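Numbering follows full-length UniProt numbering, with no gaps: position 250 of the sequence shown is 250.
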Amino acid sequence: MLTIFHRLAAAVIKEIRLILRDKEALIILFIMPMVFVLILSLALRDSFHERAGVRFALLIVNQDRGPVGDKLVEIFSQSANFRTEVVTANGPVPSAAALDADLRAGRYKFAFRIPPKTSERALRRVQQQLGLQPTGKVPEASVALTLLSDPTVRGDQRALVQAALNRALQGVESGMLLQQFAAIGKRLAPFAANVPGVPALRAPKTLDAFAEVKDPDETGKPYKEQTPTSVQQNAPAWTMLAMFFLVIPLSVTLIKERQVGSLTRLQSMGAPAWVLLAGKILPYFVINQVQLVLILIEGMYVLPLFGGDVLTIGDAPVAIALVSVAASLAAIGFGLLIASFSRTPEQATTFGATSVLVLAAVGGIMVPKLVMPPAMQRLGDLSPMSWGLEGFLDIFVRGGGVAEVLPECSQLLVFAAVCLIIAVWQFARRMANVS
């Protein structure tokens, strides 16, 4: 047993020396994912905010000078879904061309104009429909409000904001109707008092026959599904890619050692195949953990200095460690599998890089799964990178712990075990042929 331990220690020390021999490549393994996390988290911050329900920039040009315009401004100013800016008739009113230019420049996502005398026109329209206007007057047309939007806004977002505006207008209409009924009730009150059994007509300020439907997130229900911020998506995503990109240096060094005969000499000293491969697992495992720690530190402390979101990592450090260990073993096992079947460093580099990029593309690393169609999301569930990413998201976004990440960790560990078993078998077989 002691001899096996000494041989394993010798294999680990040998691998560490090989890694430290190329310090520039080692530094790149740490710097590359950190740069990607920084750039992409900042570049995609607003896009993730919009998906997460962060408020849209809305401009209201209120030229009404009446209660209808004031009520619409109040509704949207109090809404949690909009960051509202108001221009009134008391100040300079932007022209249609200027408003269009602001929308195209991305200063606002949405805008609408409340025309002059909207309150007066709407009141006349309601009174005419209730038959309260003298006959013979020209019918008042419906007041039209036009919703404008940034050309880059998605169609579903436009539809939601349009529905919100229509709902606000319906609320204003209901309020105007109640006011008219209240006025009618006051006129009829003296007559109703003289007629037994006829109640006085009263109109409330608002109607609330139905309770407002609440979002499950707001009512504290456990079945909510949250959308990650850009840093919550990119930090674990590029950590996974960095872990799996160790496939290239790991496989290249193994093949070169096999070609120059250093592995044969170690085998002649009685070191079994699994010891030779285990000597590579431990150093790269440590590199993976350092990569994760550096990216977490970057997300928590460095990104906010550049205006990015703070990475929240939950309160389950054991779960984070468990996912990190499982993902690292899966990545290293995959690298050893490729190295054991590749004959040249060129083969390992080409196939390793290609396979890692494909797994990253379908696994939600390069393109978040939340924007993929359902078929692609199901395909992405087959990628080990997706398992690791979902494990981190379970912790960072959904507030999960060890129990919640066990399914993903089990998948990663099974994948790692299968890769390592096949790699050891193929490596021993190839070394036997060489000897």
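Glycine is no exception: its CB is placed at the ideal position from the N, C-alpha and C atoms. Keep in mind it's a predicted model, so treat the numbers as computed, not measured.
Residues near residue i in its chain [Cβ-Cβ closer than 6 Å; skip 5 each side]
i       : result
Leu-282 : Val-12
Leu-420 : Gly-333
Arg-125 : Glu-140
Gln-232 : Phe-396 and Val-397
Ser-230 : Ser-41, Leu-44, Arg-45 and Phe-48
Ile-16  : Pro-283
Ser-340 : Ala-423, Gln-426 and Phe-427
Ala-316 : Ile-395 and Gly-401
Leu-292 : Thr-239 and Ser-324
Asp-70  : none
For residue j and residue i, believed in contact at Cβ under 8 Å, the rounded distance
i           : j       : result
Gln-377     : Ser-328 : Not really, about 25 Å apart at Cβ, beyond 8 Å.
Leu-114     : Leu-145 : First, the residue type needs correcting, since residue 114 is Ile and not Leu in the sequence shown. Their Cβ separation, rounded to whole angstroms, is 6 Å, which keeps Ile-114 and Leu-145 in contact under 8 Å.
Leu-322     : Leu-311 : Going by Cβ atoms, the distance from Leu-322 to Leu-311 rounds to 19 Å, so no, they are not a contact pair.
Gly-388     : Glu-404 : Actually they are not in contact, since the Cβ atoms of Gly-388 and Glu-404 sit about 14 Å apart, beyond 8 Å.
Arg-121     : Val-143 : 5 Å
Val-68      : Ser-119 : 4 Å
Phe-76      : Leu-99  : The pair is not a contact, with the Cβ atoms about 16 Å apart (cut-off 8 Å).
Ala-330     : Pro-384 : 5 Å
Ile-287     : Leu-246 : 7 Å
Ala-326     : Leu-382 : Their Cβ separation, rounded to whole angstroms, is 17 Å, which puts Ala-326 and Leu-382 out of contact at 8 Å.
residue 463 : Lys-14  : Examination of residue 463 is not possible in this model, given that the chain is present from 1 through 435 alone.
residue 446 : Pro-228 : Here the chain covers residues 1 to 435 and nothing more, so residue 446 does not appear.
Val-356     : Phe-244 : 5 Å
Asn-81      : Phe-56  : 7 Å
Sequence-distant residues of its chain with Cβ nearer than 8 Å to residue i (five each side left out)
i       : result
Asp-150 : Leu-103, Arg-104, Gly-106, Tyr-108, Lys-109 and Phe-110
Gly-220 : Confidence at Gly-220 is low in this model, with a pLDDT of 48, below 50, so the placement of that residue should be treated as unreliable; the coordinate-derived value is given next. Correct list: empty, nothing qualifies.
Leu-2   : Residue confidence is low: Leu-2 scores 46 on pLDDT, short of 50, so the model does not pin down where it sits. Its coordinate-derived value is still stated next. Contacts found: none.
Leu-116 : In the sequence as displayed, the identity of residue 116 is Pro instead of Leu. Only Gln-63, Asp-64, Arg-65 and Ala-89 meet the Cβ criterion.
Pro-222 : Low per-residue confidence applies at Pro-222: pLDDT is 44, beneath 50, and the placement is therefore not dependable, though the value from the model is reported in the following sentence. Cβ neighbours of Pro-222 beyond the five flanking positions: none.
Val-302 : Leu-38
Val-275 : Ile-4, Arg-7, Leu-8 and Ala-11
Phe-306 : Leu-38 and Leu-42
Close-in-space but distant-in-sequence residues of the same chain around residue i (CB under 7 Å, 5 per side omitted)
i           : result
Val-153     : Lys-109
Leu-130     : Gln-180
Ile-320     : Ile-313 and Ile-395
Met-34      : Leu-294, Ile-295 and Glu-298
Leu-277     : Leu-336, Ala-423, Val-424 and Phe-427
Ala-353     : Ile-248
Met-372     : Gly-380
Leu-177     : Val-126
Leu-18      : Thr-253
Gly-308     : Ser-41, Leu-42, Arg-45 and Val-231
Glu-218     : Annotation note: pLDDT 46 at Glu-218 (below 50); position unreliable, no value reported.
residue 456 : Here the chain comprises residues numbered 1 to 435, so residue 456 is not present and cannot be evaluated.
Beta-bridge pairing of residue i - partner residues as DSSP gives them
i       : result
Ser-149 : Phe-110
Phe-82  : Phe-56
Lys-88  : It is worth fixing the name first, because residue 88 is Thr in this sequence and not Lys. Note: Thr-88 sits in a beta bridge opposite Asn-62.
Limits of the unbroken beta strand (DSSP E) element including residue i
i       : result
Ala-361 : Per DSSP, Ala-361 belongs to no beta strand (DSSP E); it is in the alpha helix (DSSP H), 345-362.
Residue i: first and last residue of the uninterrupted alpha helix (DSSP H) it sits in
i       : result
Thr-239 : 230-244
Ala-97  : 96-104
Ala-43  : 23-43
Ala-331 : 317-341
Leu-393 : 384-396
Met-376 : 374-380
Glu-298 : From DSSP, Glu-298 is part of no alpha helix (DSSP H); its letter is neither H nor E.
Leu-123 : 118-129
Within-8 Å CB hit, residue i to chain B
i       : result
Val-424 : Protein chain content of the structure displayed is limited to a single chain, and chain B is not contained in it.
Can you find at least 3 beta carbon pairs, one from the stretch 338-351 and one from the stretch 245-260, that sit closer than 8 Å?
-> Touching, yes, given that three or more Cβ pairs across the two stretches are closer than 8 Å.
contact_flag[the stretch 58-69, the stretch 85-105] where n(CB pairs < 8 Å) is 3 or more | With a cut-off of 8 Å, the stretch 85-105 and the stretch 58-69 count as touching, because enough Cβ pairs lie within range.
If you pair each beta-carbon of the stretch 233-247 with each one of the stretch 361-369, do three or more pairs fall below 8 Å?
-> Yes, the stretch 233-247 is in contact with the stretch 361-369.
Spell out a yes or no on whether the stretch 92-103 and the stretch 167-186 are touching, meaning 3 or more CB-CB pairs, one atom from each, closer than 8 Å.
-> As far as the Cβ criterion goes, the stretch 92-103 does not touch the stretch 167-186, which means the pair count is below three.
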